[in-house]
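Protein chains in written order, with my numbering: chain A, 70 to 870; chain B, 8 to 271. Every residue gets a Cβ at the ideal spot worked out from N, C-alpha and C, and that includes glycine. Taking it in order: structure first as structure tokens, then the write-up.
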Amino acid sequence: MSATTADTPAGTGIGASVRRVEDQRFITGRGSYVDDLERPGQVHAHVVRSSVAHGEIRRIGTDAARAAPGVLGVYVGEDLRADGIGDLPCGWFVSNIDGTPMFSPSHPVVAVGRVRYVGEPVAVVIAETAQQARDAAELLEVEIDDLPAVATLERALAPGAPAIWDGAPGNVSFHWQIGDRAAVESAFARADHVAKLELVNNRLVCNAMEPRAAIGEYDAGRGEYTLWTTSQNPHVIRILLATVTLKVPEHKIRVISPDVGGGFGSKAFHYSEEVIAAWAARRVGRPVRWTADRSEAFVSDRHGRDHLSHVELACTKDGRFLALRVSTAANMGAYYSTFGPAIPTFYYAPLLSGTYAIPAIYCDVKGVVTNTVPVDAYRGAGRPEATYVIERIVDRAARDLGIDPAEIRRRNFVPKDAFPYRTALTLEYDSGDYAQALDKALALADYAGFPARKQASAARGKLRGIGLSSYIEACGVGPSKIIMTSGGGSGLFESACVRVNPSGSVVVMTGSHSHGQGHETTFAQLVSERLGVPLESVEVVHGDTGRIQFGLGTYGSRSLAVGGSAIWKAVDKVIAKGKKIAAHVLEAAESDVRFENGRFVVAGTDRGLSFPELAFTAHAPLRFPSDEIEPGLEETAFYDPSNFTFPAGVHVCELEIDPATGVSEVVRYTVVDDFGTVVNPMIVDGQVHGGVAQGIGQALLENCVYDEDSAQLVSGSFVDYTMPRADDLPTLAVDYIVTPCPHNPIGAKGCGEAGAIAAPPAVMNAVVDALAARGVGDVQMPATPHRVWQALRAAAKPAAA
Amino acid sequence: MYEFEYVRPQTVATAVEQGGAGQYLAGGMTLLPTLKLRLAQPGRLVDLNALPELQGIRVDGNVVRIGAMTRHADVARSAELRRAAPVLAELAGGIGDPHVRNRGTIGGSVANNDPAADYPAAVLGLGATVVTSAREIAGDDFFTGMFSTALAAGELIRRIDFPVPKRAAYAKFPNPASRYAMAGVLVAETAGGIRVAVTGAGPCVFRVPEFEAALTRRFAPEALDGLEIPSDGLNQDLHGSPEYRAALVTVMAQRAVAHAAARG
Ligand SMILES: Cc1cc2nc3c(=O)[nH]c(=O)nc-3n(C[C@H](O)[C@H](O)[C@H](O)COP(=O)(O)OP(=O)(O)OC[C@H]3O[C@@H](n4cnc5c(N)ncnc54)[C@H](O)[C@@H]3O)c2cc1C
Numbered sequence: 070m071s072a073t074t075a076d077t078p079a080g081t082g083i084g085a086s087v088r089r090v091e092d093q094r095f096i097t098g099r100g101s102y103v104d105d106l107e108r109p110g111q112v113h114a115h116v117v118r119s120s121v122a123h124g125e126i127r128r129i130g131t132d133a134a135r136a137a138p139g140v141l142g143v144y145v146g147e148d149l150r151a152d153g154i155g156d157l158p159c160g161w162f163v164s165n166i167d168g169t170p171m172f173s174p175s176h177p178v179v180a181v182g183r184v185r186y187v188g189e190p191v192a193v194v195i196a197e198t199a200q201q202a203r204d205a206a207e208l209l210e211v212e213i214d215d216l217p218a219v220a221t222l223e224r225a226l227a228p229g230a231p232a233i234w235d236g237a238p239g240n241v242s243f244h245w246q247i248g249d250r251a252a253v254e255s256a257f258a259r260a261d262h263v264a265k266l267e268l269v270n271n272r273l274v275c276n277a278m279e280p281r282a283a284i285g286e287y288d289a290g291r292g293e294y295t296l297w298t299t300s301q302n303p304h305v306i307r308i309l310l311a312t313v314t315l316k317v318p319e320h321k322i323r324v325i326s327p328d329v330g331g332g333f334g335s336k337a338f339h340y341s342e343e344v345i346a347a348w349a350a351r352r353v354g355r356p357v358r359w360t361a362d363r364s365e366a367f368v369s370d371r372h373g374r375d376h377l378s379h380v381e382l383a384c385t386k387d388g389r390f391l392a393l394r395v396s397t398a399a400n401m402g403a404y405y406s407t408f409g410p411a412i413p414t415f416y417y418a419p420l421l422s423g424t425y426a427i428p429a430i431y432c433d434v435k436g437v438v439t440n441t442v443p444v445d446a447y448r449g450a451g452r453p454e455a456t457y458v459i460e461r462i463v464d465r466a467a468r469d470l471g472i473d474p475a476e477i478r479r480r481n482f483v484p485k486d487a488f489p490y491r492t493a494l495t496l497e498y499d500s501g502d503y504a505q506a507l508d509k510a511l512a513l514a515d516y517a518g519f520p521a522r523k524q525a526s527a528a529r530g531k532l533r534g535i536g537l538s539s540y541i542e543a544c545g546v547g548p549s550k551i552i553m554t555s556g557g558g559s560g561l562f563e564s565a566c567v568r569v570n571p572s573g574s575v576v577v578m579t580g581s582h583s584h585g586q587g588h589e590t591t592f593a594q595l596v597s598e599r600l601g602v603p604l605e606s607v608e609v610v611h612g613d614t615g616r617i618q619f620g621l622g623t624y625g626s627r628s629l630a631v632g633g634s635a636i637w638k639a640v641d642k643v644i645a646k647g648k649k650i651a652a653h654v655l656e657a658a659e660s661d662v663r664f665e666n667g668r669f670v671v672a673g674t675d676r677g678l679s680f681p682e683l684a685f686t687a688h689a690p691l692r693f694p695s696d697e698i699e700p701g702l703e704e705t706a707f708y709d710p711s712n713f714t715f716p717a718g719v720h721v722c723e724l725e726i727d728p729a730t731g732v733s734e735v736v737r738y739t740v741v742d743d744f745g746t747v748v749n750p751m752i753v754d755g756q757v758h759g760g761v762a763q764g765i766g767q768a769l770l771e772n773c774v775y776d777e778d779s780a781q782l783v784s785g786s787f788v789d790y791t792m793p794r795a796d797d798l799p800t801l802a803v804d805y806i807v808t809p810c811p812h813n814p815i816g817a818k819g820c821g822e823a824g825a826i827a828a829p830p831a832v833m834n835a836v837v838d839a840l841a842a843r844g845v846g847d848v849q850m851p852a853t854p855h856r857v858w859q860a861l862r863a864a865a866k867p868a869a870a
Numbered sequence: 008m009y010e011f012e013y014v015r016p017q018t019v020a021t022a023v024e025q026g027g028a029g030q031y032l033a034g035g036m037t038l039l040p041t042l043k044l045r046l047a048q049p050g051r052l053v054d055l056n057a058l059p060e061l062q063g064i065r066v067d068g069n070v071v072r073i074g075a076m077t078r079h080a081d082v083a084r085s086a087e088l089r090r091a092a093p094v095l096a097e098l099a100g101g102i103g104d105p106h107v108r109n110r111g112t113i114g115g116s117v118a119n120n121d122p123a124a125d126y127p128a129a130v131l132g133l134g135a136t137v138v139t140s141a142r143e144i145a146g147d148d149f150f151t152g153m154f155s156t157a158l159a160a161g162e163l164i165r166r167i168d169f170p171v172p173k174r175a176a177y178a179k180f181p182n183p184a185s186r187y188a189m190a191g192v193l194v195a196e197t198a199g200g201i202r203v204a205v206t207g208a209g210p211c212v213f214r215v216p217e218f219e220a221a222l223t224r225r226f227a228p229e230a231l232d233g234l235e236i237p238s239d240g241l242n243q244d245l246h247g248s249p250e251y252r253a254a255l256v257t258v259m260a261q262r263a264v265a266h267a268a269a270r271g
């Protein structure tokens, strides 16, 4: 599969493709997911959801349901409100262009008064068995007076569209901008050419393999809540439960995220069902569990993307970029999810410069409310949308000007000697070498041989196209100061505790959370290499606020760059203390003690202590003064990055289109990434493969579709929502270049989202390239067979006439 | 799911007796999801999985007999079929995914008559006979509309008899999400002439006399050049318009003809 896995170093340290230690339990069915857990006396919650997209709740009759067998409680939105339960929070704040604050809709845990999307919780039934809860739910009399509904951006922004919120006239809940508008206008006035595109970034359903689940438990003796939940960031959920929704002291809540089967962002948010499970557990005095079924997941997991952008790139006639102007409408859904407004603003627009030196950029973004599931972060979150905009318009400009798409990119790259490079939109790119990645990718993809392959395809009646994407992303959120001055409600650092047991084995408590990323392996490799202990002697613990000091979780490709750096700093402290103890034991000056190859040694002598000897000594304070040096060996560190990291790279997609059916087949796919230091190439390859699969999925297959009139979800199951499958994907050629991140100790930049960010424009540029021969101008994502066929038919018509 | 009574009869006679007041369970690939979604509420499920009589493939001279409980995977990998009527193995091998092929049955598929199912194209396109607990029904009369058939309540399909065609092939354009047919075309040269049966494109499997006539004149893909069925009444969904389906029918028919012609 990959060019790199084979030639990595042996051993278990940094750079070795160690097999994932967690796979033993996952593959043998011994993982422990929320739904696997059984709590004594547990009962079941069924969430009754709105079947209409917009309406006034006239009445919810609960008598029959309450009387049904096994039922312990039936609750509606007012019951939770009356008990002091707070609304679901949005943790990001955006200002309008005129300086006024954005409109913030209230977001009840269970609907009160009005429903605003299909799938919104309207009632909860708690019963002894899941079957009884569901049976009783059918006895509820939910009477809702329909209101006109609107689901799509076009409809929501059309004059006279149904209004969803009084505070959002025209359904615009915020109108935000970034960049220097005047500088952009004057550059456009000077331009030889302006390339233009209308771009749809299609709405997606994340579809993690494991559906969301939650179990709430209340210990009346201690007044303590425990919530097991499928979350990417249990500490954040605890903060929000404590301060916003459940409103009980933080130290009285324990949130546990055990094994979690994929998240992709959709499990990073605070959901109704988490509040319901914890609250109801106290109400009924029994542990309350809930697991989504797949149909429920489609209408309740937060969706991703859904942008409409008008894009213009001003260039000179030799293809130098002068300015970029973008106007975007972003579908927020009916309410703001936890990070909702951050995604199409802060995580999107600053990346519009791509890998290029563009002197002036301006972007405005309208947040649009609709009768759909709230939209939030999905693998890449804002950065795929930005990459799609810049990488598509760059190709359009190349095509307009008759310049090779590789060449126009090369001409405009931020040069490798320009780092750190400040873009027109405030970001400071830390390191990179975009031309090196391009050269390597073009060689690996045999770009030069493409014309011959195109001819061979044509001889078989197929249209062949090639597409490039030179992506960049900002990862490793965040510098807390930047986050908090940009609208974030809290800091974004990470914490780690490294505990050395007396026998020399090591436990790492990390605030990152692994839901498929393999942290238990990668983090163990870091510690194993630094402390010189065997990999098997390192245990990585995550996902439990009762065991872990603090954490901000895993999303935005932040785990290694931020979480790993916190571990690194804690290890530094362990080594520093170890040196102090070793100096006493070895009767040497502390400055003469070195830690090398897993031993504390006195420079220039053969005196030393192995790491386990030192660990034991630290817990047996005989030969060092315990009044001066505390016994024990456990250190905690918090790491707040000084900048984002900027992974970048080049993807090359080559595909063949069957003009008779419109089917696109990706036949070659090449990736060259710069993730800085790579700790485990096999795991990183896996992240790239998964990301590319999702990116190809977005470009060719996946589409979340609502009915324009009723705002019912039409693509509500796998019968209609096309998930990418193994046979939709070619063998991927994956390689790397390395420019280490200069501002974190590992040099790592992050790899989790890159594939999903880079792939869509690479694929779509290839589609457009293939279809150009038949006179097709542009095609929107997803380029389904039907859509491609329609584009070909439309282009053929004038010729035939 | 709602609660139901479950029985597993050991003889076909008992099954038919119990089937009157219940619903047959074959591979469960359609029925079980329907039950899980609470879209059906049968009082009793009559499981047909313990009835060896309903299973197996037999080639009798010019007739292939396939028991109702024969799994798609067994049809796909039958060496006998690959010799006698490779079109059937090919069609079955293209149904769904391996899980579905290992459970789903020909009887269940034909009884269900999903407008996008593959087998109806074989039953109609090869002029098969559906043998039930009560009678023999000609393939031409069996499929009566979307999800409806000539079966009476409680009537059990025992097997399906396919006359061996001189040559035949099936070409399917799968729905990208479900992999059911968006346009599946079976083209056959049978003792009674050329037959072209189309599934997936319309509400129910149908024949295309215009294609049959053209192919009777000349059995070659080019014979269908420029021919397209009217799109009126064809299916419309997220994955394709009626016009697209009409175009796909011609493309799939041409591919099936090319394949059948190559078979000799
Ligand atoms: C993911 C997925 C993909 C699929 N893809 C395809 C595809 O590409 N092409 C395709 O053709 N099909 C496809 N199918 C359908 C599948 O192949 C089965 O044919 C179909 O589910 C019915 O067969 P079954 O044996 O599972 O029947 P069941 O689900 O058990 O029963 C279906 C119906 O037939 C009735 N029935 C069953 N046996 C008899 C009998 N002997 N006599 C009378 N009535 C009977 C049952 O009572 C029920 O009403 C797919 C299914 C799934 C789940």
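- For Ser326 (chain A), not one C-beta of chain B is nearer than 8 Å to its own C-beta.
- The nearest non-hydrogen atom of ligand 1 is less than 7 Å from the C-beta of Arg186 (chain B).
- Put simply, the CB of Val643 (chain A) is far from chain B, with every gap to its CB atoms at 8 Å or more.
- Not a single CB atom of chain A sits nearer than 8 Å to the CB of Phe154 (chain B).
- Using a Cβ distance threshold of 8 Å, Met76 (chain B) and Leu88 (chain B) do not count as a contacting pair.
- Under DSSP, Trp245 (chain A) takes part in a beta bridge, and its partners are A:Val434.
- Our two residues, Lys435 (chain A) and Gly402 (chain A), have alpha carbons roughly 13 Å apart in a direct line.
- For the stretch 287-305 of chain A, the beta-carbon criterion of a distance under 9 Å to any beta-carbon of chain B is satisfied by none of its residues.
- Rounded to whole angstroms, the separation of the alpha carbons of Gly248 (chain A) and Pro280 (chain A) is 40 Å.
- Only exposed fits Gly518 (chain A), as fewer than 16 other CB atoms lie within 10 angstroms of its CB.
- Of all residues in the stretch 757-790 of chain A, the ones placed with a Cβ closer than 8 Å to any Cβ belonging to chain B are Leu770, Asn772, Val774, Val783, Ser784, Phe787, Val788, Asp789, Tyr790, in chain order.
- With fewer than 16 other Cβ atoms from the protein chains shown falling within 10 Å of its own Cβ, Met153 (chain B) counts as exposed.
- DSSP places Tyr31 (chain B) in the strand class (E or B) of the three-state scheme.
- For Ala729 (chain A), the neighbours in chain B by C-beta distance under 7 Å run, in chain order, Val258.
- Residues of the stretch 833-858 of chain A with a C-beta atom less than 8 Å from some C-beta of chain B are Thr853, Pro854, His855, Trp858, listed in chain order.
- It is roughly 44 Å from the alpha-carbon of Val670 (chain A) to the alpha-carbon of His758 (chain A).
- In the assembly as shown, Gln756 (chain A) is a buried residue. Its beta-carbon has 16 or more other beta-carbons within 10 Å.
- For a cut-off of 8 Å, the C-beta gap from Gly785 (chain A) to Val357 (chain A) is around 26 Å, too long to register as a contact.
- Annotation for Phe218 (chain B): Val203, Leu231, Leu234, Ala260 place their beta carbon closer than 7 Å to its own, counting only its chain and skipping 5 residues before and after.
- Residues Cys544, Gly819, Gly821, Glu822 of the same chain have their beta carbon placed closer than 6 Å to that of Ser626 (chain A), with the five preceding and five following residues left out of the count.
- Checking the DSSP bridge columns, you'll see Leu268 (chain A) partnered with A:Ser378.
- Looking at the DSSP output, Lys179 (chain B) shares a beta bridge with B:Gly191.
- Here Gly449 (chain A) really is in contact with Ile826 (chain A); their C-beta atoms are around 4 Å apart, less than 8 Å.
- A buried status is given to Ile427 (chain A), since no fewer than 16 other beta-carbon atoms sit within 10 Å of its beta-carbon.
- In the pairwise beta carbon analysis, the stretch 519-534 of chain A is classified as not touching the stretch 499-507 of chain A: fewer than three pairs are separated by under 8 Å.
- Asp244, Leu245, His246, Gly247, Ser248, Glu250, Tyr251: these are the residues of the stretch 236-251 of chain B whose beta carbon lies less than 9 Å from some beta carbon of chain A, given in chain order.
- Residue pairing by DSSP places Tyr708 (chain A) opposite A:Glu563 in a beta bridge.
- By the neighbour-count criterion, in which a residue is buried when 16 or more other Cβ atoms sit within 10 angstroms of its Cβ, Asp473 (chain A) is exposed.
- For His79 (chain B), the shortest separation between its Cβ and any heavy atom of ligand 1 lies below 7 Å.
- Taking the Cα positions, Pro172 (chain B) is about 30 Å away from Pro249 (chain B).
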